Amino acid sequence: MQPIPVRDALVVDADQDVKDLLVTILKPGAWAIRYVMTNWLALQAAKDKAFELIITSEKTSGKEDVELLRAIRRARPHTRLIILADERTPDDVLAAMRHHAFSFFSKPYSLQRLGEMIQFATEAPLWDDGIELKSATPEWIQLEVRCQIRTAERLLQFIKEIVELPDAEREEVGLALREILLNAMEHGGGFNPNSYVQVEYVRARRMVSCRISDPGPGFTLDEIPHAAVANPAGDPVRHAAVRDEMGLRPGGFGILLAQKLVDQVIYGQHGNEVLLIKYLPQTTALRAIHSQGVA
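Residues are numbered in the working numbering as their position in the sequence shown, beginning at 1, plus a constant of 657.
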């Protein structure tokens, strides 16, 4: 029997929780994990050897780790790098996306979510061209996203780090975007990795909007019996049987859930373009106005 090739990971100054998480995902015998203490040592190691996965230290800033990312990608352009940061700015996250970081987490973050992202990184054969920034400021982001579930999850983690909203509003916007994005990828793009969904995020003073446009032919709401939003009043789960007959994954609550989480869900004429709008609480809107220097 041929021996299983060992895959190499490089981890910078990890705390014990991260080390414990890594050994449950990067199985000994299949992965060799090398630990170093500083970004400089990580760069030297990456120049000497190709690592499939690099994870930075949560004790450094997002800005420092983006500088490491830039340097590593000059030497090893396809290395999967996950940034853990003690602090970050939206500009740091956008720079990480522009230079094709695999993901970005700042404190406090969920170890479970980090574990999921590390697992995605170990499974992704094609990844570094899956999220393409077309235009990017913290207030207005335009991008194209490959129609794959793992790419959607990567994008949603980046957006979570960029969006500066109170926790409740950020969670609601993130969940609504996730549901509509996966719908667009599944029904508009057929989860075809050669197809892309266009996503636009705009943060205005008093609202946040997300526009999702897919490559499919579109639909109208009365043509989607596989979605909960089309269920008759007396049969709230009829769509589940329809989905089973069509061979679709369990679900169908995306549109209905999005309508509950944001203030408006607006479809374009052809049904393959959706606009999500979330109005901000007055105190949040006032903070945004003051931060932009408006009296």
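Idealized CB from N, CA, C, for every residue including glycine.
In this text the structure is predicted, and so the values were computed from the model without any measurement.
GLN939 versus LEU918 - alpha carbon distance | 18 Å
At least 3 beta-carbon pairs within less than 8 Å: the segment 687-707 vs the segment 745-755 | no
Hey, ILE837 and VAL931: beta-carbon distance below 8 Å or not?
-> yes
Which residues DSSP lists as bridging ALA753, in chain order = The partner list for ALA753 (beta bridge, DSSP) is empty, contrary to what the question assumes.
Residues that MET864 bridges to, as DSSP identifies them | TYR936
Quick one: Cα of ASN849 to Cα of ILE806, how far?
-> Taking the straight line from one Cα to the other gives about 10 Å.
Could you tell me the distance, in whole angstroms, from the CA atom of ALA825 to the CA atom of ALA689?
-> Between ALA825 and ALA689, the C-alpha separation is close to 40 Å.
Considering only C-alpha positions, which residue in the set VAL859, ASP672 and THR717 is nearest to ILE816?
-> VAL859
Start-to-end residues for the alpha helix (DSSP H) that takes in PHE759 = Premise fails: PHE759 is in no alpha helix (DSSP H) and is neither H nor E.
Nearest-angstrom beta carbon gap, ARG863 and LEU741 [assumed within contact, 8 Å] | Contact between LEU741 and ARG863 does not hold, since their C-beta atoms are separated by about 33 Å, which reaches or exceeds 8 Å.
Range of the contiguous alpha helix (DSSP H) that encloses VAL723 | 719-732
Distance, ALA809 Cα to GLY846 Cα | 12 Å
Contact set for GLN921: own chain, Cβ-Cβ below 7 Å, skip 5 residues either direction = ILE934
To the nearest angstrom, report how far apart VAL899 and GLY928 are at their CA atoms.
-> Residue confidence for VAL899 is low, a pLDDT of 46 falling below 50, so the modelled location carries little weight; the figure read from the coordinates is stated next. Cα to Cα, VAL899 sits roughly 20 Å from GLY928.
When DSSP builds the beta bridges, which residues end up paired with ILE690?
-> ALA666.
Express the C-alpha separation of LEU698 and LEU813 in angstroms, rounding to a whole number.
-> 31 Å
According to DSSP, is GLU801 helix, strand or coil?
-> strand
Alpha-carbon to alpha-carbon, PRO795 and ILE819 | Going from the Cα of ILE819 to the Cα of PRO795 covers about 7 Å.
Tell me TYR858's beta-bridge partners as DSSP assigns them.
-> ILE798 and CYS867
Keeping to the same chain, check which residues put their C-beta closer than 6 Å to that of ILE923; ignore five residues upstream and five downstream.
-> Excluding positions up to five away in sequence, the list reads LEU932.
Work out the CA separation of VAL680 and ARG664 for me, nearest whole Å.
-> 13 Å
How would you call GLU829, buried or exposed, if buried means at least 16 neighbouring beta carbons within 10 angstroms?
-> buried
Whole-angstrom distance between LYS720 and THR713, CA atom to CA atom = Near 12 Å, if we compare the C-alpha coordinates of LYS720 and THR713.
Return helix, strand or coil for LEU812, following the three-state DSSP convention.
-> Secondary structure at LEU812: helix, using DSSP grouped into helix, strand and coil.
Could you tell me the distance, in whole angstroms, from the CA atom of LEU913 to the CA atom of GLN799?
-> Take the alpha-carbon of LEU913 and the one of GLN799: they are about 25 Å apart.
When TYR766, SER760 and LEU726 are compared against ALA781, the one with the closest alpha-carbon | SER760
Out of ILE682, ILE775, VAL668 and TYR766, point me to the one whose CA is closest to ASP1029's CA.
-> Residue coverage of the chain in this structure runs from 658 to 952, which leaves residue 1029 outside it and unanswerable.
So, helix, strand or coil for LEU738, using DSSP?
-> strand
Sub-8 Å separation of MET842 and CYS804 beta-carbons = Against a cut-off of 8 Å, the Cβ pair of CYS804 and MET842 comes out as a contact.
Quick one: what does DSSP say PRO765 is sitting in, helix, strand or coil?
-> coil
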